[in-house]
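See structure below.
2 protein chains.
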Amino acid sequence: MSLIVKKFGGSSVANAERVFNVAKIIIEDYKKGNDVVVVVSAQGDTTDDLIDKANEINPDGGSKRELDMLLSAGEQISIALLAMAIEKLGFPVISLLGWQAGFSTDSNHGIARIKNVNSERIRNEIAKRNIVIVAGFQGLNKYDDITTLGRGGSDTSAVAIAASMKADVCQIYTDVDGVYTADPRKVPTAKKLDSITYDEMLELATLGAQVLNNRSVEMAKKYNVELEVLSSLENKPGTIVKETVKMEKTLIRGVAKDSNVATISVVGLQDTPGVAFKIFNKLAQHKINVDIILQSVGRDSTKDITFTVPKSDGKTAVQSINSLKDSLNYKEVTLDESVAKVSVVGAGMESHPGVASKMFEALYDAGINIRMISTSEIKISVLIDAEYADKAVRAVHDAFIS
Amino acid sequence: MSLIVKKFGGSSVANAERVFNVAKIIIEDYKKGNDVVVVVSAQGDTTDDLIDKANEINPDGGSKRELDMLLSAGEQISIALLAMAIEKLGFPVISLLGWQAGFSTDSNHGIARIKNVNSERIRNEIAKRNIVIVAGFQGLNKYDDITTLGRGGSDTSAVAIAASMKADVCQIYTDVDGVYTADPRKVPTAKKLDSITYDEMLELATLGAQVLNNRSVEMAKKYNVELEVLSSLENKPGTIVKETVKMEKTLIRGVAKDSNVATISVVGLQDTPGVAFKIFNKLAQHKINVDIILQSVGRDSTKDITFTVPKSDGKTAVQSINSLKDSLNYKEVTLDESVAKVSVVGAGMESHPGVASKMFEALYDAGINIRMISTSEIKISVLIDAEYADKAVRAVHDAFIS
């Protein structure tokens with residue numbers, strides 16, 4: 019008998035038929051004698067409808083507190099419907115809003131962070147042998163106002179409950195059946211992984227694998243919550259995410275593409291101390307994450323600095339550098355959005371120096387030029403022209419995984 | 019400078035345009051320096067959509083707790099949208115759910131009664147000069163579960179806040195511009211009343227005038243909250259409801275029709291002591307309200323008892339009497355749903371004995387047969403064939419009010 023936390027996304031409960039499908043998955047585990055706590059997102063169409071309504075009132079986007087009030091109604095609807103379906107199938111169930119389930123957050127409406135989960139109410143309901151359905155994505159701040167956790171927040175809600183209750187496993191149901199060595203829609207030879215470490219998963223999530231939300235993996239790592247990514251449509255084991263996993267014969271765990279990237283070049287910079295500091299300090303003030311940085315060797319008395327930022331921050335980054343014009347001597351700032359980042363991830367690579375050369379060889383064989391390179395202990399990323407991204411993923415993937 | 023509580027129903031906030039219309043009404047009073055607390059119902063279509071979703075999951079109707087969880091999302095949406103509109107127009111505002119506004123109720127999900135309103139949060143927001151938007155129809159029970167107040171609950175929410183905060187007036191906005199001496203769609207000569215007493219309003223509400231919810235008028239009377247019924251579409255004074263009002267030259271305040279009525283006859287009852295008790299005790303156990311009762315003078319050793327019940331309870335009433343067959347000796351029970359009740363209401367009539375005869379004369383002149391009669395200090399009701407109901411209302415109305 020285990021305590022299992024399950025999380026279902028908006029598309030898994032999009033209509034009555036899917037709600038009953040989810041209800042049956044839950045009941046199956048409950049009937050085996052397990053305690054089951056379920057976190058649900060808002061139905062896909064509900065969230066869209068609510069955003070439409072808000073835009074009708076204020077197209078410029080209004081108070082984030084009121085937007086949280088509005089959007090959190092979405093999970094309220096889905097938890098009630100899922101509870102009704104489980105009840106209809108004859109099993110004891112209760113739905114709980116974020117605050118009823120004990121979620122305390124900070125006051126950053128729209129992107130709130132969970133401070134604490136007081137799981138007393140959930141424990142009491144479980145003690146009565148109720149299946150407990152919890153609204154994901156939402157909590158309450160110290161002023162008793164409803165907050166939402168931002169993108170992927172329901173994953174984080176599920177992990178937070180699992181951590182608070184020391185659950186045996188936290189199962190994240192998605193529309194794919196696990197974590198793959200590459201995007202299976204793009205790479206036909208992609209293989210499903212039985213298991214992966216938190217760190218590998220974090221690199222893959224950051225790199226655009228889009229299976230699990232980053233914050234949820236970070237939290238799972240911090241509290242040592244075993245995650246399982248699995249399909250809500252097929253009844254079979256998914257991919258386990260945990261601290262250490264046995265390395266299989268392949269050196270790398272996956273290949274990921276990230277298209278949300280742009281390069282910025284500051285050309286003809288006067289080569290004096292502190293220029294790099296000025297640039298990156300300014301970007302940090304605007305909360306822009308800089309990833310790969312490349313600094314040219316100085317010619318005459320100038321140099322160039324090129325770096326990558328998320329594509330959505332590109333224009334802001336250029337503006338903020340231009341605002342330094344008075345204190346920074348340079349020729350021009352250019353923005354290039356036609357790039358993509360391709361990365362290989364695997365905890366095994368740090369003890370295998372051949373990984374980088376094998377990756378570069380695969381790209382060379384495919385005729386793809388590398389513009390920038392970045393490495394960490396468990397990943398190697400290259401920046402290439404966006405048009406070759408899918409081709410690069412296939413070439414690199416097939417070089418390592420067969 | 020006054021404290022004003024305003025209540026807007028679902029049709030008043032049905033779309034973005036109407037939400038802004040309501041926002042402007044609120045702002046107008048706020049700009050005069052008043053403190054304004056607003057109670058809103060769910061948007062008409064939202065409630066319908068939510069009920070459709072619930073029926074899709076469980077057509078038999080499921081747990082009332084979960085239905086309350088579902089439906090209360092409706093007001094959550096409307097308060098957020100109204101707050102966004104007021105904010106967009108440049109005024110400080112905050113929306114509060116029932117529990118945030120301090121509504122404690124009993125645990126009768128779907129028909130909960132308000133036990134207490136702790137208005138501390140509302141007072142704090144008003145002290146900051148915020149316009150406060152409160153979700154009507156909902157509260158929280160002692161288990162921290164969301165409850166709903168049932169039909170017309172938002173009126174009751176508004177009066178409860180007004181009572182708790184000793185507001186100067188509680189304005190109930192509707193799609194009519196006040197309380198009329200009869201239904202203006204049926205009686206062209208109907209006149210709008212400037213004012214009416216709580217008791218008169220209660221009789222009119224009970225009798226199907228459908229302007230104000232009964233519980234809200236009872237609560238207003240109990241806590242002496244001055245009500246105003248007015249239109250959300252036209253900017254003009256409505257009808258004031260309070261303890262005593264000056265009687266105008268007409269003796270009566272209004273004429274109302276109630277079509278939700280059926281008569282039940284228990285025919286050929288053995289005339290022994292206790293038979294009436296048995297019948298009405300049984301009906302009380304089933305929570306069926308009996309209105310007019312007529313007992314025939316006994317012939318041989320039997321008598322007939324005829325009484326009226328709400329049409330919706332008719333079949334249940336017949337069944338529950340039939341369940342007494344063993345202990346009650348009677349020939350048959352009949353149900354007649356083709357009746358209607360027409361009533362005149364007016365605090366002035368108790369000192370004017372001519373009212374009843376004037377009413378009966380008007381009906382006689384119109385060729386309408388009276389089947390049963392019931393009187394109280396401030397009303398006279400007659401039961402007639404349903405097909406003559408509108409004709410009867412016009413005839414009686416024109417006899418008294420011109």
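Going down the list, the protein sequences come from chains A and B. If you count the first sequence from 1, you need to add 18 to reach our numbering. If you count the second sequence from 1, you need to add 18 to reach our numbering. For each residue, glycine too, the CB sits at the ideal point set by N, CA and C. This one's a predicted model, so the numbers in the text were calculated from it and none came from an experiment.
At a cut-off of 9 Å between beta carbons, S81 (chain B) contacts chain A. When DSSP states are grouped into helix, strand and coil, M87 (chain A) belongs to the helix group. DSSP lists A:S122 as the beta-bridge partner residues of N134 (chain A). Against V37 (chain B), the close residues of chain A are I75, in the order they occur along the chain (beta-carbon pairs closer than 7 Å). Note that the region 395-412 of chain A does not touch the region 33-44 of chain B; fewer than 3 beta-carbon pairs, one per stretch, sit closer than 8 Å. Listed along chain A are L68, K71, L88, A91, each with a C-beta nearer than 8 Å to that of I95 (chain B).
About 6 Å separates the beta carbons of A407 (chain B) and V360 (chain B), which is inside the 8 Å limit, making them a contact pair. With distances taken between CA atoms, V373 (chain A) lies nearest to A:T393 out of A:I388, A:V357, A:T262, A:T393. When the five nearest sequence neighbours on each side are left out, the beta carbons in the same chain lying within less than 6 Å of the beta carbon of V336 (chain A) are those of V351, L353, in order along the chain. Per DSSP, V23 (chain A) is one residue of the beta strand (DSSP E) stretching across 21-26. Going by C-alpha positions, K204 (chain A) is about 13 Å away from D276 (chain A). Contact annotation for D162 (chain B) against chain A: Q118, R139 [CB-CB distance below 8 Å, chain order]. Using a CB distance below 9 Å, the part of the region 97-111 of chain A facing chain B consists of I97, A98, L99, L100, A101, M102, A103, E105, K106, V111, ordered along the chain. The alpha-carbon separation between T64 (chain B) and I164 (chain A) amounts to approximately 21 Å. The region 270-353 of chain A contains, as complete alpha helix (DSSP H) runs of 4+ residues, the segments 293-303, 332-340 (chain order).
Against chain A, a Cβ distance below 7 Å from A34 (chain B) picks out E74, I75.
For S113 (chain A), the chain B residues whose C-beta falls within less than 7 Å of its own C-beta are E84, M87, listed in chain order.
S122 (chain B) places its beta carbon less than 9 Å from that of I132 (chain B). For the pair I270 (chain A) and V363 (chain A), the CB atoms are nearer than the 9 Å cut-off. A contact is defined here as three or more CB-CB pairs under 8 Å, and the region 247-263 of chain A meets this definition with respect to the region 216-235 of chain A. Here V373 (chain A) carries a helix assignment [DSSP, helix/strand/coil]. Secondary structure at Y191 (chain B): strand, using DSSP grouped into helix, strand and coil. For K210 (chain B), the three-state secondary structure derived from DSSP is strand. In this structure, B:I140 is the residue among B:L158, B:I140, B:Y161 with its C-alpha nearest to the C-alpha of I151 (chain B).
Counting along the chain, the unbroken alpha helix (DSSP H) around G171 (chain B) starts and ends at 171-183. In its chain, beyond the 5 residues on either side, A153, Q156, G157 have a beta carbon closer than 6 Å to the beta carbon of G116 (chain B). In the DSSP assignment, E395 (chain B) falls outside any alpha helix (DSSP H) and carries neither an H nor an E. T65 (chain B) carries a helical assignment under DSSP once its states are collapsed to helix, strand and coil. Counting every other CB atom within 10 Å of its CB across the protein chains shown gives F295 (chain A) a total below 16, marking it as exposed. Burial state of R147 (chain A) is exposed, judged by a 10 Å Cβ sphere holding fewer than 16 other Cβ atoms. Going by C-alpha positions, S314 (chain B) is about 22 Å away from I306 (chain B). Residue pairing from DSSP leaves L99 (chain A) without any beta-bridge partner. Pairing D212 (chain B) with P255 (chain B) gives a Cβ-Cβ distance under 9 Å. Contact annotation: V54 (chain B) and Y48 (chain B) have beta-carbon atoms nearer than 9 Å.
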